[in-house]
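Trainee: By numbering that gives the first Met the number 0, the letter at position 423 of the first sequence is numbered 422, and the numbering carries on one by one without gaps. Once you've had a glance at the structure underneath, I'll fire off some questions.
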Amino acid sequence: MVLKIHNTLSGTKEIFKPVDEKHVRVYACGPTVYNFAHIGNARMAVANDLLINVLRTQYKKVTYVSNITDIDDKIIDAAHELNEPIKNLTTKYTKIYNEDMGYLNVRLPDVQPRATDHINEMIDLTKKLIESGNAYEKEGHVLFHVPSFSKYGVLSKRNRDEQIAGSRVDVAPFKKDPADFILWKPSPSPLPGWDSPWGFGRPGWHLECSAMSEKTLGLPFDIHSGGMDLVFPHHENEIAQTCSLNKNHDPKSFAHFWFHNGFVNVEGEKMSKSIGNIRLVHDLKNQFSGEVLRLTLLSAHYRQPLNWTKEIIDQNSKMLDRFYRTLKELKDIEITSQYLSDEIMQSLLDDINTPKVLAQLNTLSNKLSSANKEEKINIKNNLIAAGKILGIMVEDPEVWLGYNQSENPEKEEIEGLINQRNEARRDKDFKLADKIRDELKIKGIEIEDTKNGTIWRKDS
RNA sequence: GGCUCGGUGGCAGAGUGGUGAUGUAGGGGCCUGCAAAGCCUUGCACAGCGGUUCGAUUCCGCUCCGAGCCUCCA
Numbered sequence: 000m001v002l003k004i005h006n007t008l009s010g011t012k013e014i015f016k017p018v019d020e021k022h023v024r025v026y027a028c029g030p031t032v033y034n035f036a037h038i039g040n041a042r043m044a045v046a047n048d049l050l051i052n053v054l055r056t057q058y059k060k061v062t063y064v065s066n067i068t069d070i071d072d073k074i075i076d077a078a079h080e081l082n083e084p085i086k087n088l089t090t091k092y093t094k095i096y097n098e099d100m101g102y103l104n105v106r107l108p109d110v111q112p113r114a115t116d117h118i119n120e121m122i123d124l125t126k127k128l129i130e131s132g133n134a135y136e137k138e139g140h141v142l143f144h145v146p147s148f149s150k151y152g153v154l155s156k157r158n159r160d161e162q163i164a165g166s167r168v169d170v171a172p173f174k175k176d177p178a179d180f181i182l183w184k185p186s187p188s189p190l191p192g193w194d195s196p197w198g199f200g201r202p203g204w205h206l207e208c209s210a211m212s213e214k215t216l217g218l219p220f221d222i223h224s225g226g227m228d229l230v231f232p233h234h235e236n237e238i239a240q241t242c243s244l245n246k247n248h249d250p251k252s253f254a255h256f257w258f259h260n261g262f263v264n265v266e267g268e269k270m271s272k273s274i275g276n277i278r279l280v281h282d283l284k285n286q287f288s289g290e291v292l293r294l295t296l297l298s299a300h301y302r303q304p305l306n307w308t309k310e311i312i313d314q315n316s317k318m319l320d321r322f323y324r325t326l327k328e329l330k331d332i333e334i335t336s337q338y339l340s341d342e343i344m345q346s347l348l349d350d351i352n353t354p355k356v357l358a359q360l361n362t363l364s365n366k367l368s369s370a371n372k373e374e375k376i377n378i379k380n381n382l383i384a385a386g387k388i389l390g391i392m393v394e395d396p397e398v399w400l401g402y403n404q405s406e407n408p409e410k411e412e413i414e415g416l417i418n419q420r421n422e423a424r425r426d427k428d429f430k431l432a433d434k435i436r437d438e439l440k441i442k443g444i445e446i447e448d449t450k451n452g453t454i455w456r457k458d459s
């Protein structure tokens with residue numbers, strides 16, 4: 000079976016062939032840590048986590064690097080506003096980011112480099128770019144000279160001449176070309192900075208990823224990923240820097256594949272501070288389980304826009320409950336090995352087609368009622384194996400659905416009421432029986448009369 | 001103005017040159033004292049207009065509409 004991935008560089012789905020079959024290497028541009036992560040950050044983390052899981056089904060060794068941007072003007076502003084040292088702020092939000100992503104069953108990357116640990120590397124790259132004639136110093140700034148890179152625009156498919164009309168870029172006076180971007184800029188006191196050949200200053204944003212990806216993975220590596228908005232200018236600039244240093248203007252001398260996830264909208268609108276509709280994972284944690292949030296993020300294909308609404312969360316919550324119910328029904332079925340059917344694997348390998356996988360899991364789950372023993376084993380195997388890759392269905396079904404309430408402090412009271420109701424039912428006093436059921440319902444207790452007696456569950 | 005990507009049933013969302021995914025909501029039914037859960041069943045969707053084709057939702061062209069990017073942004 001072959002893995003196909005959409006490559007932003009070509010604009011098409013391509014067959015994935017690793018640079019080195021023995022070691023697949025992926026770099027994802029991570030968060031700038033000055034605030035809580037929002038659901039859009041989470042989508043990037045989940046999409047990449049899944050990509051890595053899928054790669055690991057095909058290749059023995061996969062290294063996943065995702066950085067933390069811990070020096071940036073937004074961080075400086077936030078620290079200033081809160082009157083808090085930058086280091087405290089970035090440490091705090093890095094921790095929170097990892098916790099929040101952990102809640103969504105996102106595993107930590109193998110390497111999580113920080114920009115501030117790579118200042119020397121960045122200074123070094125800047126020196127080399129000046130030496131090679133791709134960058135110049137002006138008024139304490141070092142800028143990358145865009146016309147020096149012949150392939151500028153390959154990734155975002157922009158023609159520079161066509162972009163200039165209608166451009167809203169404010170051109171700094173020290174730029175030789177309006178598109179030139181900052182590699183290093185001065186940090187007048189009290190701004191944070193580091194000593195450099197160009198005075199006390201700090202790096203521009205794009206440089207860190209060029210420095211850290213090369214250092215942690217080597218060049219060229221397989222997949223470079225991030226949110227759709229990073230295509231331009233961030234990734235375009237990274238390509239310009241790294242490829243200029245390589246003396247090879249082919250963007251594949253940097254990374255072979257460029258993997259970008261789509262945006263999350265909220266109730267049909269773009270998430271933005273001014274609208275005030277930013278959905279923080281930190282807040283969503285209070286309302287929804289991690290698996291529901293994760294499944295909702297996977298309910299649309301990763302490259303499509305995802306409209307975040309209460310309705311789709313509910314819809315996916317129901318879907319997840321159904322899967323868990325199927326697993327509960329199959330709890331006595333012994334499985335010896337976990338395997339994924341070729342059809343489902345194929346969907347994952349076809350550019351990570353999660354909606355199709357979910358449809359296939361539903362179809363499988365629907366076969367339960369008419370399944371024989373062998374088919375039941377097949378259903379359970381596939382649900383568990385798919386869940387493992389997707390990062391869902393990792394809980395115990397009884398616990399998930401709320402049946403297992405041995406710890407519930409109200410257990411005795413609830414079961415007392417259920418006994419009363421069953422007595423009433425025996426006496427054909429259905430009015431009383433229904434009244435008791437309503438009482439339980441108010442407590443969030445759902446009861447089910449089965450052949451083997453009444454069972455109950457806490458409805459979350 | 002430029003570039004890119006989209007427009008699929010009430011909603012969400014895959015996919016395909018010919019046998020009409022999947023979920024959710026709705027209708028009907030089974031089961032149940034009634035429920036819950038489950039099961040069965042139902043809905044003839046592919047923006048519009050042309051073209052290619054034996055046949056197009058799927059390919060091509062045009063039109064309309066929407067989104068993203070061109071400035072920091074996942």
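Beta carbons: idealized from backbone N, C-alpha and C, even for Gly. Keep in mind it's a predicted model, so treat the numbers as computed, not measured.
Nearest CA to the CA of Ile378: which residue from Lys387, Asn365, Leu389?
Mentor: For the purposes of this step, residue 378 is taken as the residue at position 379 of the first sequence. When each option's Cα is compared against that of Ile378, the closest is Asn365.
Trainee: Cβ of Arg157 within 8 Å of Cβ of Phe253?
Mentor: Here residue 157 refers to the residue found at position 158 when the first sequence is read from its first residue. Here residue 253 refers to the residue found at position 254 when the first sequence is read from its first residue. Cβ distance not < 8 Å, so Arg157 and Phe253 don't count as in contact.
Trainee: Given that a residue counts as buried once 16 or more other Cβ atoms are within 10 Å of its Cβ, and exposed if not, what is Arg425?
Mentor: Your numbering for residue 425 matches position 426 in the first sequence. By the neighbour-count rule (16 or more Cβ atoms within 10 Å), Arg425 is not buried but exposed.
Trainee: Going by beta carbon distance, what residues of the same chain come within less than 6 Å of Asn403, once the five residues before and after it are set aside?
Mentor: The residue you call residue 403 lines up with position 404 of the first sequence. Here the set comprises Glu397.
Trainee: Closest by CA to Asp96, which one among Ile38, Lys127, Trp455?
Mentor: One-based indexing of the first sequence puts residue 96 at position 97. For the record, residue 96 in the displayed sequence is Tyr; it is not Asp. When only C-alpha atoms are compared, the closest one is Ile38.
Trainee: Which term fits Ser209, buried or exposed, when burial requires 16 or more other beta carbons within 10 angstroms of its beta carbon?
Mentor: As a position in the first sequence, residue 209 is number 210, starting the count at 1. Buried, since its Cβ has 16 or more Cβ neighbours within 10 Å.
Trainee: Among Phe180, Met392, Glu328, Asn371, which one has its Cα closest to the Cα of Leu357?
Mentor: Numbered from 1 along the first sequence, position 358 holds the residue referred to as residue 357. Leu357 has its Cα closest to that of Met392, out of Phe180, Met392, Glu328, Asn371.
Trainee: For the alpha helix (DSSP H) that His205 lies in, which residues bound it at each end?
Mentor: Mapped onto the first sequence, residue 205 falls at position 206. Residues 204-216.
Trainee: Does DSSP put Gly165 in a helix, in a strand, or in coil?
Mentor: On the first sequence, residue 165 is found 166 positions in, with the first residue counted as 1. Low local confidence applies: a pLDDT of 43 at Gly165 is under 50, so the model's placement there is unreliable, and no value is given.
Trainee: Give every residue of the same chain whose Cβ lies closer than 8 Å to the Cβ of Pro219, excluding the five residues on either side of it in the sequence, and list them in chain order.
Mentor: Taking the first residue of the first sequence as 1, we reach residue 219 at position 220. Val18, Lys251, Ser252, Phe253, Ala254, His255, listed in sequence order.
Trainee: At which residue ranges does the region 370-436 contain complete alpha helix (DSSP H) runs of 4 or more residues, listed in the order of the chain?
Mentor: 372-389, 396-400, 410-425, all fully within the region 370-436.
Trainee: Where do the N-terminal and C-terminal ends of the alpha helix (DSSP H) with Pro354 fall, by residue?
Mentor: Taking the first sequence and counting its residues from 1, one reaches residue 354 at position 355. Pro354 -> alpha helix (DSSP H) spans 353-365.
Trainee: Below 8 Å, how does it come out for the region 305-312 and the region 114-130: are there three or more Cβ pairs, yes or no?
Mentor: The region 305-312 vs the region 114-130: no contact.
Trainee: Return the residue from the list Thr89, Ile334, Pro408 that minimises the CA-CA distance to Asn381.
Mentor: Here residue 381 corresponds to residue number 382 of the first sequence, with the count starting at 1. Of the candidates Thr89, Ile334, Pro408, the one whose C-alpha sits nearest the C-alpha of Asn381 is Ile334.
Trainee: Please go through the same chain and pick out, in chain order, the residues whose beta-carbon is closer than 7 Å to the beta-carbon of Leu107, but skip the five residues on each side of it.
Mentor: Taking the first residue of the first sequence as 1, we reach residue 107 at position 108. Around Leu107: Asn97.
Trainee: Could you pull out every residue in the same chain whose Cβ sits closer than 7 Å to the Cβ of Glu138, ignoring the five residues on either side in sequence?
Mentor: Stepping through the first sequence from its first residue, residue 138 is reached at position 139. For Glu138, where only same-chain residues beyond five positions count, the Cβ hits under 7 Å are Phe173.
Trainee: Would you mind stating whether Val25 and Ser186 have Cβ atoms separated by less than 8 Å?
Mentor: One-based indexing of the first sequence puts residue 25 at position 26. One-based indexing of the first sequence puts residue 186 at position 187. Against a cut-off of 8 Å, the Cβ pair of Ser186 and Val25 comes out as no contact.
Trainee: If we ignore side chains and look at the alpha-carbon of each, how far apart do Ile74 and Arg456 end up?
Mentor: Here residue 74 is taken as the residue at index 75 of the first sequence, counted from 1. Here residue 456 is taken as the residue at index 457 of the first sequence, counted from 1. Rounded to the nearest angstrom, the two C-alpha atoms are 46 Å apart.
Trainee: CB of Asn352 to nearest heavy atom of the ligand HEM: below 7 Å?
Mentor: Inclusion of the ligand HEM in the displayed structure is not the case, the ligand content being empty and no account of it being possible.
Trainee: Drop a sphere of 10 angstroms on the beta-carbon of Arg159, count the other beta-carbons inside from all chains shown, and report buried for 16 or more, exposed for fewer.
Mentor: Looking up residue 159 in the first sequence gives position 160. When all chains shown are included, Arg159 counts as exposed.
Trainee: I'd like to check one pair, Thr115 with Asp69: are the Cβ atoms closer than 8 Å?
Mentor: As a first step, residue 69 must be located in the first sequence, where it is residue number 70. As a first step, residue 115 must be located in the first sequence, where it is residue number 116. A contact, by the Cβ cut-off of 8 Å.
Trainee: Please check the pair Glu268 and Asn276, which I expect to be a contact at CB under 8 Å, by giving their CB distance rounded to whole angstroms.
Mentor: Reading the first sequence from its first residue, position 269 is the one you call residue 268. Reading the first sequence from its first residue, position 277 is the one you call residue 276. The Cβ separation is near 6 Å, so the contact holds.
Trainee: Val265 and Ile35 - do their beta-carbons sit closer together than 8 Å?
Mentor: For the purposes of this step, residue 35 is taken as the residue at position 36 of the first sequence. For the purposes of this step, residue 265 is taken as the residue at position 266 of the first sequence. Just to set this straight, residue 35 is Phe in the shown sequence, not Ile. No, the Cβ-Cβ distance between Phe35 and Val265 is not below 8 Å.
Trainee: With DSSP as the reference, label Arg113 as helix, strand or coil.
Mentor: The count along the first sequence starts at 1 and reaches residue 113 at position 114. In this structure, Arg113 counts as strand in the three-state DSSP scheme.
Trainee: Which residue's Cα is closest to the Cα of Leu216: His144, Lys375, Val110?
Mentor: On the first sequence, residue 216 is found 217 positions in, with the first residue counted as 1. The shortest C-alpha separation from Leu216 is found at Val110.
Trainee: Given this structure, state the Cα-to-Cα distance separating Gly203 from Phe287, to the nearest angstrom.
Mentor: Reading the first sequence from its first residue, position 204 is the one you call residue 203. Reading the first sequence from its first residue, position 288 is the one you call residue 287. Cα to Cα, Gly203 sits roughly 38 Å from Phe287.
Trainee: Would Lys16 and Lys3 qualify as a contact pair, given that the criterion is a beta-carbon distance under 8 Å?
Mentor: The residue you call residue 16 lines up with position 17 of the first sequence. The residue you call residue 3 lines up with position 4 of the first sequence. Contact: no.
Trainee: On the criterion of 16 or more Cβ atoms from any shown chain inside 10 Å, does Ile118 qualify as buried, or is it exposed?
Mentor: For this step, residue 118 is matched to residue 119 along the first sequence. Ile118 should be labelled buried.
Trainee: Thinking C-alpha only, which one of Val32, Glu136, Ala46, Ile85 is nearest Thr93?
Mentor: Start at 1 with the first residue of the first sequence, and residue 93 comes out as number 94. Nearest C-alpha to Thr93: Val32.
Trainee: Does Ser271 come out as helix, strand or coil in the three-state DSSP assignment?
Mentor: For the purposes of this step, residue 271 is taken as the residue at position 272 of the first sequence. Three-state result, Ser271: coil.
Trainee: Measuring straight from C-alpha to C-alpha, what distance separates Ser459 and Gly101?
Mentor: Start at 1 with the first residue of the first sequence, and residue 459 comes out as number 460. Start at 1 with the first residue of the first sequence, and residue 101 comes out as number 102. Roughly 21 Å between the two C-alpha positions.
Trainee: Classify Ile441: buried if its beta carbon has 16 or more other beta carbons within 10 angstroms, exposed otherwise.
Mentor: The residue you call residue 441 lines up with position 442 of the first sequence. It counts as exposed.
Trainee: Does the Cβ-Cβ distance between Asn64 and Ile51 come in under 8 Å?
Mentor: Here residue 64 corresponds to residue number 65 of the first sequence, with the count starting at 1. Here residue 51 corresponds to residue number 52 of the first sequence, with the count starting at 1. In the sequence as presented, Asn is not what sits at residue 64; that position holds Val. The answer is no: Cβ separation not under 8 Å.
Trainee: Since His234 and Leu347 should fall inside the 8 Å C-beta cutoff, what is the C-beta to C-beta distance between them, to a whole number of angstroms?
Mentor: Counting from one through the first sequence, the residue named residue 234 turns up at place 235. Counting from one through the first sequence, the residue named residue 347 turns up at place 348. Not really, about 25 Å apart at Cβ, beyond 8 Å.
Trainee: Where does Ser346 sit, in a helix, a strand or coil, going by DSSP?
Mentor: Translated into the one-based positions of the first sequence, residue 346 becomes position 347. Helix at Ser346.
Trainee: Where does the unbroken alpha helix (DSSP H) through Ala77 begin, and where does it stop?
Mentor: Taking the first sequence and counting its residues from 1, the one referred to as residue 77 is at position 78. Per DSSP, Ala77 belongs to the alpha helix (DSSP H) from 72-81.
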